[in-house]
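For what it's worth, this note's numbering labels the leading residue of the first sequence as 14, then goes sequentially.
Even glycine gets a Cβ: it sits at the ideal position worked out from N, Cα and C.
Note that the structure is a prediction, hence the values are computed from the model and not measured.
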Amino acid sequence: MPELPEVEVTRLSFAQGIAGSRVVCVRMGKALRWPLGCPVSELVGRVVRAVRRRGKYLLIDLDQGLLLLHLGMSGRLSFAEHLAPAGAHDHFEMKTTQGTLRLTDPRRFGAVVFADSDSAPIAQKLLGKLGMEPLSDDFDLSRFHAGLKRRKSSIKEVLLAGDVVVGVGNIYACEVLFLAGIRPTRSAAGLGRGRIAKLHAAIRDVLARAVASGGSTLRDFSSAKGESGYFQLEAMVYGRAGQACRVCATPIESIRQGQRSTFFCPHCQKS
DNA sequence: AAAAGCCCCTGGATGC
DNA sequence: TGCATCCAGGGGCTTT
14 MPELPEVEVT RLSFAQGIAG SRVVCVRMGK ALRWPLGCPV SELVGRVVRA
64 VRRRGKYLLI DLDQGLLLLH LGMSGRLSFA EHLAPAGAHD HFEMKTTQGT
114 LRLTDPRRFG AVVFADSDSA PIAQKLLGKL GMEPLSDDFD LSRFHAGLKR
164 RKSSIKEVLL AGDVVVGVGN IYACEVLFLA GIRPTRSAAG LGRGRIAKLH
214 AAIRDVLARA VASGGSTLRD FSSAKGESGY FQLEAMVYGR AGQACRVCAT
264 PIESIRQGQR STFFCPHCQK S
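Shown next as structure tokens:
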């Protein structure tokens, strides 16, 4: 479900509300991707300072240590003073003095992991190799260029890998490559400066607009307040195999790259 | 170092 | 209606 815009919108929807609260109790359901890494009792009484984001991870800063939270494919957060009774897919719940934070995640690819600090081994393992933040100033064109130049695999797979730039998932990778007019199978290293500049701009624009408009609802996203997003632009290519390109009416093609679906317009994305 | 595959898990859509 | 198959917005891990 969640790519960078959805994660960021989720963060914005509860960061203020939870900051300054104190943890009252924590309840775990079925196992998520990794164990929490500390006894739940150790979290009780700690103060929630702030919520940051790095890539698709949310970092919940406590007065001592932090929680790394990932939504995986199907995760969703809720934060409210009173939540409905926990259901079968609610696998993490943290009650605080200002409301309860709940992770609902049917597929359980998501995770909640405790780390002593940003430099703790577990935090380094999960965050250490992440690429540039596309919406921050460190997403610099020269560094993007340099990152792509040493990668022989396809540009689509490099975007998805997240070690050059983070946050671009399968939907946005397809959309951004369409906007930049780049064939997803093109080798990253083979792209010229001009096309890389265009791609760089497309990534910033699309992600920023998606955050500004409350996250994409290309499927079923909703923030931790339960507000559903409304991505103002419809998908140009994602999920549109066989349908007419919105620009040139050529049928959109679908292929597999690295076990994921890719959609593109063979005419608008000639090379 | 980088690339390619595998796998974790459940639910919804589709097809017979 | 029932059952099998395929697909899904992620990403760490192992093997080449």
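Q: Kindly indicate which three-state DSSP category F157 falls into: helix, strand or coil?
A: Against the first sequence, residue 157 aligns to sequence position 144. In this structure, F157 counts as helix in the three-state DSSP scheme.
Q.
When you compare the CB positions of G85 and R121, do they come within less than 9 Å of one another, or not?
A. For the purposes of this step, residue 85 is taken as the residue at position 72 of the first sequence. For the purposes of this step, residue 121 is taken as the residue at position 108 of the first sequence. Here G85 is near R121, since their CB atoms are less than 9 Å apart.
Q | Neighbour-count burial assignment, V260, 16 or more Cβ in a 10 Å radius | A | In the first sequence, the residue the question calls residue 260 occupies position 247. Result: exposed.
Q: Drop a sphere of 10 angstroms on the beta-carbon of A193, count the other beta-carbons inside from all chains shown, and report buried for 16 or more, exposed for fewer.
A: To locate residue 193, count along the first sequence from 1; it is residue 180. When all chains shown are included, A193 counts as buried.
**Q.** Cut-off 6 Å between Cβ atoms - residues of its own chain near L17, not counting five sequence neighbours on either side
**A.** Residue 17 sits at position 4 when you count from the first residue of the first sequence. Its chain contains G180, L220 as the residues whose beta carbon lies nearer than 6 Å to that of L17, once the 5 sequence neighbours on both sides are disregarded; these appear in chain order.
Q.
Out of A215, I168, K165, D176, which one is the CA nearest neighbour of K138?
A. For the purposes of this step, residue 138 is taken as the residue at position 125 of the first sequence. Checked all of A215, I168, K165, D176; the closest Cα to K138 is D176.
Q | Reference S167, options L204, G144, S132, closest by Cα | A | The residue given as residue 167 occupies position 154 in the first sequence. Closest by alpha carbon: L204.
Q: Starting from the Cα of P15, find the closest Cα among G144, S226, Y70, A215 and give me that residue.
A: Residue mapping note: residue 15 aligns to position 2 of the first sequence, counting from 1. Measuring from the Cα of P15, the nearest candidate turns out to be Y70.
Q | Selection from A254, L116, G228, K169 that minimises the alpha carbon distance to E21 | A | By 1-based counting over the first sequence, the position of residue 21 is 8. Of the candidates A254, L116, G228, K169, the one whose C-alpha sits nearest the C-alpha of E21 is G228.
Q.
Please report the straight-line C-alpha distance between W47 and C187, rounded to a whole angstrom.
A. For this step, residue 47 is matched to residue 34 along the first sequence. For this step, residue 187 is matched to residue 174 along the first sequence. A direct Cα-to-Cα measurement between W47 and C187 gives close to 30 Å.
Q) If you follow the alpha helix (DSSP H) that Q29 is part of, which residue opens it and which one closes it? A) One-based indexing of the first sequence puts residue 29 at position 16. From DSSP, the alpha helix (DSSP H) with Q29 extends over 17 to 31.
Q. CB-CB under 8 Å to S130, same chain, minus the five flanking residues each way: which ones, in chain order?
A. Your numbering for residue 130 matches position 117 in the first sequence. In its chain, beyond the 5 residues on either side, G78, L79, A136 have a beta carbon closer than 8 Å to the beta carbon of S130.
Q | Cβ neighbours of I73 in the same chain (closer than 7 Å, five flanking residues each side left out) | A | Within the first sequence, numbered from 1, the residue matching residue 73 stands at position 60. Apart from sequence neighbours up to five positions away, the residues of its chain that approach I73 with a beta-carbon distance below 7 Å are V61, V64, L79, L80, L82, ordered along the chain.
**Q.** Where S166 sits in the DSSP three-state scheme
**A.** The sequence position of residue 166 within the first sequence is 153, counting from 1. Annotated three-state conformation of S166 is coil, per DSSP.
Q) Are the stretch 101 to 116 and the stretch 153 to 160 touching by the rule of at least three beta carbon pairs closer than 8 Å? A) Flag = no, the stretch 101 to 116 and the stretch 153 to 160 do not touch.
Q | Chain-order list of residues whose beta-carbon lies under 8 Å from that of A28 (same chain, five-residue window excluded) | A | Here the question's residue 28 lines up with position 15 in the first sequence. A63, V64.
Q. In the DSSP assignment, what residue or residues form a beta bridge with D76?
A. For the purposes of this step, residue 76 is identified with residue 63 of the first sequence, where counting begins at 1. As DSSP reads the structure, D76 sits in no beta bridge.
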